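Novice:
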Amino acid sequence: MVEFFEKLFDTSDFPARWYCGNWSEGHGWLHIISDTAIWGAYMAIPATLTYFILKRKDIPFLPVFWLFAAFIFSCGTTHLLDAGIFWWPSYRLSGIVKLITAIVSWATVFALIPVIPKALSLPGLGAVNAELNKALEAITKSEERLRKVIESVPNGIVIVNDKGKIVLTNPVCNTIFGYEQGELVGQDIEVLVPAHLHGPHPAYRDAFLAAPETRPMGRGRDLYGQCKDGTEIPVEIGLNPIESDEGTLVLATIVDITERKKAEETLARYTAELERSNQELDEYAYVASHDLRTPLEGIQSLAGWVQEDAAALLPEASQRHLQQIQQRASRLKVLLDDLLAYSRAGRLETTLDPVNVHELVEEVVNSLHPPKEFNFHIQDDLPQLTTAETPLRRVFLNLIGNAIKHHDREDGAITVSCETSPTHYVFRIADDGPGIAPDFHDKIFMLFETLKPRDKVEGSGMGLAIVKKLLGACGGTIQVTSTIGEGTTFEFTWPIDSRV
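Here the sequence shown is numbered in my numbering, starting from 126 and rising by one per residue.
#1: Roughly how many angstroms lie between the CA atoms of Thr540 and Leu524, to the nearest whole one?
#2: Which residues in the same chain have their Cβ closer than 6 Å to the Cβ of Thr511, if we skip the five residues on either side of it in sequence?
#3: Please determine if the region 514-534 and the region 487-500 are in contact, where contact requires at least 3 C-beta pairs separated by less than 8 Å.
#4: Quick check: the Cα distance between Lys288 and Glu338, rounded to an integer number of angstroms?
#5: What are the boundary residues of the alpha helix (DSSP H) that Arg553 is part of?
#6: Measure the C-alpha to C-alpha separation of Val316 and Gly363 and round it to an integer number of angstroms.
#7: List the residues that DSSP assigns as beta-bridge partners of His156.
#8: Taking Met168 as the reference, give the member of Thr265, Leu439 and Val520 with the closest Cα.
#9: Using a Cβ-Cβ cut-off of 6 Å (strictly less than) and excluding sequence neighbours within five positions of Arg142, which residues of its own chain qualify?
#10: Return the CA-CA distance between Tyr349 and Glu384, expressed in angstroms with no decimal places.
#11: In whole angstroms, what separates the C-alpha of Thr618 from that of Lys594?
#12: With 16 as the cutoff for other CB atoms within 10 Å, does Gln351 come out buried or exposed?
#13: Which one of Glu441, Trp148 and Ile450 has the shortest CA to CA distance from Ile424?
#14: If you follow the alpha helix (DSSP H) that Gly588 is in, where does it begin and where does it stop?
#15: Could you tell me the boundaries of the alpha helix (DSSP H) in which Thr300 lies?
#16: Check the DSSP bridge columns for Glu616 and list the partner residues they point to.
#17: For His502, does the three-state DSSP call read helix, strand or coil?
#18: Can you tell me which of the three DSSP states Ala513 falls into?
#19: Quick check on Asn491: does DSSP put it in helix, strand or coil?
#20: I'd like to know if Phe615 contacts chain D, where contact means its C-beta is closer than 7 Å to some C-beta of that chain.
#21: What did DSSP end up calling Gln351 once you bin it into helix, strand or coil?
#22: Near Ala534, what residues of its chain come up, given a Cβ to Cβ distance below 6 Å and the 5 sequence neighbours on each side ignored?
#23: Within its chain, find whatever has a CB closer than 7 Å to the CB of Val592; leave out the 5 residues flanking it on each side and keep chain order.
#24: Looking only at its own chain, which residues have a Cβ that is under 7 Å from the Cβ of Asp557, when we skip the five neighbours before and after it?
#25: Run through DSSP, which three-state label would Asn286 get?
#26: Give the straight-line distance between the Cα atoms of Asp207 and Ile158, rounded to the nearest whole angstrom.
#27: DSSP state of Arg340, grouped into three classes?
#28: DSSP three-state label for Ala208, please.
#29: Count Cβ pairs between the region 214-222 and the region 146-160 that sit closer than 8 Å; are there 3 or more?
#30: Could you please give me the residues that DSSP links to Val375 through a beta bridge?
#31: Would you kindly work out how many angstroms separate the C-alpha atoms of Trp191 and His323, rounded to a whole number?
#32: Which residues bound the alpha helix (DSSP H) around Ala335?
#33: Considering Glu544, what are the terminal residues of the beta strand (DSSP E) in which it resides?
#34: Classify Asp381: buried if its beta carbon has 16 or more other beta carbons within 10 angstroms, exposed otherwise.
#35: Just to confirm my understanding: we take Cys298, look at its own chain, exclude 5 residues before and 5 after, and list those with CB closer than 7 Å. What are they?
#36: Could you tell me which of Pro171, Thr203, Pro214 and Thr173 sits nearest to Cys145, measuring between CA atoms?
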């Protein structure tokens, strides 16, 4: 309790009400204006009661009047604090004031009951009418306070009457459009509208006043305002109708979005350049792959013909060299295919189709033609999902293929399983092979990296790099867990909702 009172005026651990919930300008100001107006009225009532008490010295139940004044004063104070909490979150002080209000309220109730008969016969109420004028003055003062609040709002604000005349602007609005304080008051609102819209704009105003509602102006259209020097700036405008004794007023909030528009244009330009660069990269990779493949196939064919024509004439070493030429030409063709696949990974458009992952994994295993001694344990309840099938198939094909290719025994075992997180499926492919040393867990995902010489295990060293790029493009991740001699587990995530 001591700590509570020590921090009575400390607001650091509470956010201002503007940041609690989804307050719109109209909704927030509705509360602020209402609470401020109530507070002004509540302050006028105890003032009236005090005046009455001072003038009528013969009142027999004076304590009740003082309790009434204290009760109404404390009620008004709670409304004032509620309005201020939008900027100054004084929740502790507000709680104390409400407690005081409750105590005074019940004290007033208990004091009022025995004096009701006497109050019914109370004479001289005409003097109260004179005090109502003071209450009106208090309301006028509250309006002035409201004006000051509007002037402090960080967005531009302009208030227009039903004739299209500007009755109030705040300093931010004047700054946005380049006017001096008070210079816009009394002018037609069209002075802030681009010249080519001066004709149709009055019709837009009349349509809004016919069915006033809080809403953004110009839904689906780019809006521009006209500055004093004639330049046009992009803006966002919110419209809020206000009923008053003068008719319907329209409060418009204005935001200058010039910098945002520039940022959007820059981003659009960079995006177009990136798309053009990606397209050029695709074309280059395809042409390079095609142009390099033709001479490679020629080299491979020529080496084969030489080997066939001169098999009896060439020594064993020369025949072995010709075989190496063919093998390395084949390896280079695979490398070209993988380079093309890597350049396109994650950037080719794919449709979303229903995929039974259990059936997909079985198809992948059958296509790899593993040794008959290999055992596969595929979880029965692998998920069915709607996703891009091609990249998912390629991930399984590469990971299961690696588990078979790099196994050190003919009777290996491979397990495919899955768990579900709130946003992703977590797939695991585990084998009981030779394992991967921890020092290589990151290296294996890099381009052209292999753990064995290419003369022993065929491959381009790009398979896992392609897998990682595919998963990244689809919103997934991959990691490896392995110890030498204890097998390897690849764990990758795949989004449950591929549309996100």
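Don't be surprised by glycine CBs; every beta carbon is placed ideally from N, CA and C. Just so it is clear, the structure is predicted and the values come from calculations on it, not from any experiment.
Specialist: Inspection of the coordinates gives the following:
#1: The residue you call residue 540 lines up with position 415 of the sequence shown. The residue you call residue 524 lines up with position 399 of the sequence shown. Each residue's alpha carbon lies about 11 Å from the other.
#2: Translated into the one-based positions of the sequence shown, residue 511 becomes position 386. Hits under 6 Å: Leu477 and Pro479.
#3: yes
#4: In the sequence shown, counting from the first residue as 1, residue 288 sits at position 163. In the sequence shown, counting from the first residue as 1, residue 338 sits at position 213. Approximately 18 Å, taken between the alpha carbons.
#5: Translated into the one-based positions of the sequence shown, residue 553 becomes position 428. Not the alpha helix (DSSP H): Arg553 falls in the beta strand (DSSP E), residues His549 to Asp556.
#6: Working through the sequence shown from its first residue, we reach residue 316 at position 191. Working through the sequence shown from its first residue, we reach residue 363 at position 238. Answer to the nearest angstrom: the Cα atoms are 18 Å apart.
#7: As a working mapping, residue 156 is identified with position 31 in the sequence shown. Per DSSP, none; premise fails for His156.
#8: In the sequence shown, counting from the first residue as 1, residue 168 sits at position 43. The option with the nearest alpha carbon to Met168 is Thr265.
#9: Here residue 142 is taken as the residue at index 17 of the sequence shown, counted from 1. The answer, listed in chain order, is Ile210 and Phe211.
#10: The residue given as residue 349 occupies position 224 in the sequence shown. The residue given as residue 384 occupies position 259 in the sequence shown. Taking the straight line from one Cα to the other gives about 14 Å.
#11: Taking the sequence shown and counting its residues from 1, the one referred to as residue 618 is at position 493. Taking the sequence shown and counting its residues from 1, the one referred to as residue 594 is at position 469. Looking at the two C-alpha atoms, the distance is approximately 13 Å.
#12: Position 226 of the sequence shown, counted from the first residue, corresponds to residue 351. Gln351 comes out buried.
#13: By one-based count along the sequence shown, residue 424 stands at place 299. Closest option to Ile424, Cα to Cα, is Ile450.
#14: Counting from one through the sequence shown, the residue named residue 588 turns up at place 463. Taken as a continuous stretch (DSSP letters only), the alpha helix (DSSP H) holding Gly588 covers Gly588 to Cys599.
#15: For the purposes of this step, residue 300 is taken as residue 175 along the sequence shown, with counting starting at 1. Counting along the chain, the alpha helix (DSSP H) containing Thr300 begins and ends at Pro296 to Phe302.
#16: Within the sequence shown, residue 616 is the residue found at index 491, counting from 1. For Glu616, which the question treats as bridged, DSSP gives the partners Arg553 and Gln604.
#17: If you number the sequence shown from 1, residue 502 lands on position 377. Three-state DSSP puts His502 in a strand.
#18: As a working mapping, residue 513 is identified with position 388 in the sequence shown. In this structure, Ala513 counts as coil in the three-state DSSP scheme.
#19: To locate residue 491, count along the sequence shown from 1; it is residue 366. Reduced to three states, the DSSP call for Asn491 is helix.
#20: Going by chain labels, chain D is absent from the structure shown, which holds only one protein chain.
#21: Mapped onto the sequence shown, residue 351 falls at position 226. In the structure shown, Gln351 sits in a strand (DSSP, three-state: E or B).
#22: As a position in the sequence shown, residue 534 is number 409, starting the count at 1. According to the sequence shown, residue 534 is Arg rather than Ala. Result list for Arg534: empty, nothing under 6 Å.
#23: The residue given as residue 592 occupies position 467 in the sequence shown. Excluding residues within five positions, the ones whose Cβ falls inside 7 Å are Val520, Asn523, Leu524 and Ile603.
#24: The residue labelled residue 557 in the question sits at position 432 within the sequence shown. Excluding positions up to five away in sequence, the list reads Gly537, Ala538 and Gly612.
#25: Along the sequence shown, read from residue 1 onward, the residue named residue 286 stands at position 161. Coil, per DSSP.
#26: Indexing the sequence shown from 1 puts residue 207 at position 82. Indexing the sequence shown from 1 puts residue 158 at position 33. So the alpha carbons of these two residues sit roughly 11 Å apart.
#27: Looking up residue 340 in the sequence shown gives position 215. Note: Arg340 maps to strand in three-state DSSP.
#28: To locate residue 208, count along the sequence shown from 1; it is residue 83. Helix, per DSSP.
#29: no
#30: One-based indexing of the sequence shown puts residue 375 at position 250. Looking at the DSSP assignment, Val375 forms a beta bridge with Val285 and Pro366.
#31: The sequence position of residue 191 within the sequence shown is 66, counting from 1. The sequence position of residue 323 within the sequence shown is 198, counting from 1. Taking the straight line from one Cα to the other gives about 59 Å.
#32: Counting from one through the sequence shown, the residue named residue 335 turns up at place 210. From DSSP, the alpha helix (DSSP H) with Ala335 extends over His326 to Ala335.
#33: Numbered from 1 along the sequence shown, position 419 holds the residue referred to as residue 544. Run containing Glu544: Ala538 to Thr545, per the beta strand (DSSP E) assignment.
#34: To locate residue 381, count along the sequence shown from 1; it is residue 256. Label assigned to Asp381: buried.
#35: The residue given as residue 298 occupies position 173 in the sequence shown. So the list reads Gly281, Ile282, Val283 and Ile379, once near-sequence residues are dropped.
#36: For the purposes of this step, residue 145 is identified with residue 20 of the sequence shown, where counting begins at 1. The candidate whose alpha carbon is nearest that of Cys145 is Pro214.
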